[in-house]
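K.L.:
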Amino acid sequence: MSEHRLISSLLRPFYRKGRDAEFRLPGALGNQSRLLCIDPGDLASVSFHMPLINAIHRQYPGCRMDFLVPESHASLIVPTGLAKNVILYKEGQLNPWRPAYAALLKKLGTGNYDMSILMSFEPRPRLELGVLASGAPLRLGPSHADSWPAVNCELRSEPGDEGYLGDRVVRLAPFLGLEKSRLDARWPLPSEKIRHVAQQVHFHKPNPDQMLIGFDPGVGKSGHVFALENLEFLVRQLTSQLVCRVLPLGEPEQKERLDEFGARISQIPVGLSRDTLLDMVLLLTQCDLFLAGNTDFFHLAVAHGVPCIGLFSAKDEPHWVPGGRDHVRVLRLAQGEKVDVATLMDAVEHVTRGRAATASRVIPDPVPGEDGDTEEPSGPDTPSPTSPHGS
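Heads up, the final residue of the sequence shown is numbered 407 in our numbering, and it's a clean run with no missing numbers.
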């Protein structure tokens with residue numbers, strides 16, 4: 017018996033409240049509506065739903081939003097100003113054999129919600145029951161064979177649909193009566209904290225031509241992780257070509273790997289706080305360039321418009337690749353392969369739109385005739401001008 021069916025048979029009483037409620041599309045939401053957003057603990061998946069959440073908040077400012085989030089994401093959710101109420105949960109609390117799980121479902125059932133959203137593309141049976149227990153007539157969640165009755169609004173991918181996951185949820189906007197202009201993929205970070213971290217970055221990196229490059233060495237969405245030796249090699253290539261500081265960024269749960277990676281490189285600016293998830297995301301928004309595997313922070317960088325380069329493996333499926341974005345370039349690497357320097361720098365130049373040129377350590381060949389220089393013929397005894405890195 018699948019976990020979905022086991023949970024439903026044991027906890028069937030929770031099904032009664034929301035199962036037969038009616039809703040209408042568009043028109044399910046308005047200024048007096050109540051919305052429950054459930055965070056499955058997957059930062060990329062939550063980020064992919066953010067355009068919808070932002071649009072609802074902007075179009076219906078009176079709509080009350082409550083969030084059910086894991087404790088690890090609280091520092092990022094609470095300061096957004098989106099949530100009227102934030103309910104925290106621990107992974108152990110989702111054990112259907114414990115009273116705490118039944119208590120959580122009961123609490124969700126008191127919210128009088130008009131809509132509930134499980135921000136996930138993967139089956140989450142224990143949280144899907146929370147969607148149903150909320151009593152909301154409209155229940156958005158992942159599409160799979162056992163999703164009903166917990167989920168009654170799902171996005172089904174068409175055969176051969178390999179489009180970026182981050183672009184899928186916005187397809188629901190017309191059905192919810194949301195204006196396209198209100199869709200914004202960026203995380204709604206508090207402006208005063210953005211200003212503060214920008215000041216801190218300027219203080220610790222006063223040279224405006226010096227690039228701040230974020231780097232996430234963490235485990236990717238497909239479970240693949242690059243060897244730290246290869247990532248260290250890549251950083252050395254970058255720092256030999258660019259005047260820059262490199263800042264390890266990623267989820268605090270991967271602190272050990274972040275610290276190990278940081279110990280291998282020497283260009284880390286000191287004094288920038290990276291204690292919480294919010295600290296990490298704020299610093300991410302200040303980066304001139306971001307590099308990562310197929311990680312949560314890579315997809316956050318994509319959403320925020322940060323110039324970024326994704327280092328993907330053969331395990332990373334096409335739906336993880338952000339298409340149609342000039343500030344993103346994905347490089348496919350084989351197991352143990354190191355990035356070709358020319359390919360890397362071409363990608364950097366592309367995503368930064370020439371910003372890297374001002375931070376280049378390579379002195380370009382002078383153009384004859386510029387700045388009052390006159391062109392002199394080159395003979396056998398007259399060497400042509402060359403870059404100091406050209407030979």
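Every residue gets a Cβ at the ideal spot worked out from N, C-alpha and C, and that includes glycine. Note that the structure is a prediction, hence the values are computed from the model and not measured.
Helix, strand or coil for D362 per DSSP?
P.N.:
Within the sequence shown, numbered from 1, the residue matching residue 362 stands at position 346. Looking at D362 - three-state DSSP - the assignment turns out to be helix.
K.L.:
Drop a sphere of 10 angstroms on the beta-carbon of H89, count the other beta-carbons inside from all chains shown, and report buried for 16 or more, exposed for fewer.
P.N.:
The residue you call residue 89 lines up with position 73 of the sequence shown. H89 is buried by the Cβ-count criterion.
K.L.:
By the 10 Å Cβ neighbour count, where 16 or more other Cβ atoms means buried, how is S207 classified, buried or exposed?
P.N.:
The count along the sequence shown starts at 1 and reaches residue 207 at position 191. By the 10 Å Cβ count, S207 comes out exposed.
K.L.:
Kindly identify the DSSP beta-bridge partner or partners of F231.
P.N.:
Locating residue 231 in the sequence shown gives position 215, counting from the first residue. Paired residue(s): P264, L307.
K.L.:
Mind checking whether the beta-carbon of V94 lies closer than 6 Å to any heavy atom of the ligand NAP?
P.N.:
The model depicted lacks the ligand NAP and carries no ligand whatsoever.
K.L.:
With a CB to CB cut of under 6 Å and the five nearest residues on each side skipped, what residues in its chain are close to A308?
P.N.:
In the sequence shown, counting from the first residue as 1, residue 308 sits at position 292. If we look at A308 and ignore the five residues flanking it on each side, its Cβ neighbours are D232, F314.
K.L.:
Keeping to the same chain, check which residues put their C-beta closer than 6 Å to that of F39; ignore five residues upstream and five downstream.
P.N.:
What you label residue 39 is simply residue 23 of the sequence shown in a count that begins at 1. Cβ neighbours of F39 beyond the five flanking positions: P153, L154.
K.L.:
Grab me the residues of W203's own chain with a C-beta within less than 8 Å of its C-beta, minus the 5 sequence neighbours each way, in chain order.
P.N.:
Translated into positions along the sequence shown, residue 203 becomes position 187. Only S63, M66, L92, T96, V297, L316, A319, H320 meet the Cβ criterion.
K.L.:
Assign Q215 to one of two classes, buried (16 or more other C-beta atoms within 10 Å of its C-beta) or exposed (fewer than that).
P.N.:
Taking the first residue of the sequence shown as 1, we reach residue 215 at position 199. Q215 comes out exposed.
K.L.:
Is the beta carbon of A234 less than 7 Å from the beta carbon of C303?
P.N.:
Here residue 234 is taken as the residue at index 218 of the sequence shown, counted from 1. Here residue 303 is taken as the residue at index 287 of the sequence shown, counted from 1. A small fix is needed here, since residue 234 is Gly in this sequence, not Ala. No, the Cβ-Cβ distance between G234 and C303 is not below 7 Å.
K.L.:
Report buried or exposed for K237, applying the criterion of at least 16 other Cβ atoms within 10 angstroms of its Cβ.
P.N.:
Sequence index remark: in the sequence shown, residue 237 carries index 221 (1-based). Classification for K237: buried.
K.L.:
Ordered along the chain, which non-local residues of its own chain (more than five positions away) have a Cβ less than 6 Å from that of D58?
P.N.:
By one-based count along the sequence shown, residue 58 stands at place 42. Excluding positions up to five away in sequence, the list is empty.
K.L.:
Whole angstroms is fine: what's the gap from E174's alpha carbon to S159's?
P.N.:
One-based indexing of the sequence shown puts residue 174 at position 158. One-based indexing of the sequence shown puts residue 159 at position 143. Answer to the nearest angstrom: the Cα atoms are 12 Å apart.
K.L.:
Any contact between the stretch 72–82 and the stretch 43–53? By contact I mean 3 or more CB pairs, one from each, below 8 Å.
P.N.:
yes
K.L.:
For the beta strand (DSSP E) that contains I103, what are its first and last residues?
P.N.:
Here residue 103 corresponds to residue number 87 of the sequence shown, with the count starting at 1. Residues 101–105.
K.L.:
Helix, strand or coil: which one does DSSP assign to D55?
P.N.:
By 1-based counting over the sequence shown, the position of residue 55 is 39. D55 falls in the coil class under three-state DSSP.
K.L.:
Alpha carbon to alpha carbon, how far is Q253 from T368?
P.N.:
As a working mapping, residue 253 is identified with position 237 in the sequence shown. As a working mapping, residue 368 is identified with position 352 in the sequence shown. Cα to Cα, the separation comes out at about 17 Å.
K.L.:
Leaving out the 5 sequence neighbours to the left and right, which residues in its chain are closer than 8 Å to E333 when beta-carbon positions are compared?
P.N.:
As a position in the sequence shown, residue 333 is number 317, starting the count at 1. Same-chain partners within the cutoff: E178, S238.
K.L.:
Once DSSP output is grouped into helix, strand and coil, what is the label at P393?
P.N.:
By one-based count along the sequence shown, residue 393 stands at place 377. Model confidence at P393 stands at a pLDDT of 39, short of 50, so the residue's coordinates are unreliable; what they give is reported in the following sentence. Here P393 sits in coil by DSSP.
K.L.:
Among G326, M131, V167, F328, which residue has its Cα nearest to the Cα of R140?
P.N.:
Counting from 1 along the sequence shown, the entry for residue 140 is found at position 124. The residue with the shortest Cα to Cα distance from R140 is V167.
K.L.:
Reducing DSSP to helix, strand and coil, say where S63 ends up.
P.N.:
For the purposes of this step, residue 63 is taken as residue 47 along the sequence shown, with counting starting at 1. DSSP places S63 in helix when its eight states are reduced to three.
K.L.:
With burial defined as no fewer than 16 other Cβ atoms inside 10 Å of the residue's Cβ, what is the status of S163: buried or exposed?
P.N.:
What you label residue 163 is simply residue 147 of the sequence shown in a count that begins at 1. S163 is buried by the Cβ-count criterion.
K.L.:
Provide the residue span of the beta strand (DSSP E) that contains L84, from first to last.
P.N.:
Translated into the one-based positions of the sequence shown, residue 84 becomes position 68. 80–86 is the span of the beta strand (DSSP E), which, as asked, contains L84.
K.L.:
Excluding five sequence neighbours on each side, which residues of the same chain lie with their C-beta closer than 8 Å to the C-beta of L360?
P.N.:
The residue labelled residue 360 in the question sits at position 344 within the sequence shown. Excluding sequence neighbours, L360 sits near L250, Q253, L254, I325, L347.
K.L.:
Rounding to the nearest angstrom, what Cα-Cα distance links A189 and L41 in this structure?
P.N.:
Residue numbering aside, residue 189 sits at position 173 when the sequence shown is read from its first letter. Residue numbering aside, residue 41 sits at position 25 when the sequence shown is read from its first letter. Using only the alpha carbons, I get a separation of about 11 Å.
K.L.:
Between the C-alpha atoms of V364 and G43, what's the straight-line distance to the nearest angstrom?
P.N.:
What you label residue 364 is simply residue 348 of the sequence shown in a count that begins at 1. What you label residue 43 is simply residue 27 of the sequence shown in a count that begins at 1. Straight-line Cα distance between these residues: approximately 45 Å.
K.L.:
Per the DSSP calculation, R345 is bridged to which residue(s)?
P.N.:
Your numbering for residue 345 matches position 329 in the sequence shown. Bridge partners of R345: I325.
K.L.:
Can you tell me whether DSSP reads I72 as helix, strand or coil?
P.N.:
Within the sequence shown, the letter at position 56 stands for residue 72. Three-state result, I72: helix.
K.L.:
Where are the beta strand (DSSP E) runs, 3 residues long or more, that stay fully inside the stretch 137–174, in chain order?
P.N.:
154–157
K.L.:
Whose C-beta lies closer than 6 Å to the C-beta of K331 among residues of the same chain, with five residues either side of it excluded?
P.N.:
What you label residue 331 is simply residue 315 of the sequence shown in a count that begins at 1. Excluding positions up to five away in sequence, the list reads S238, H240.
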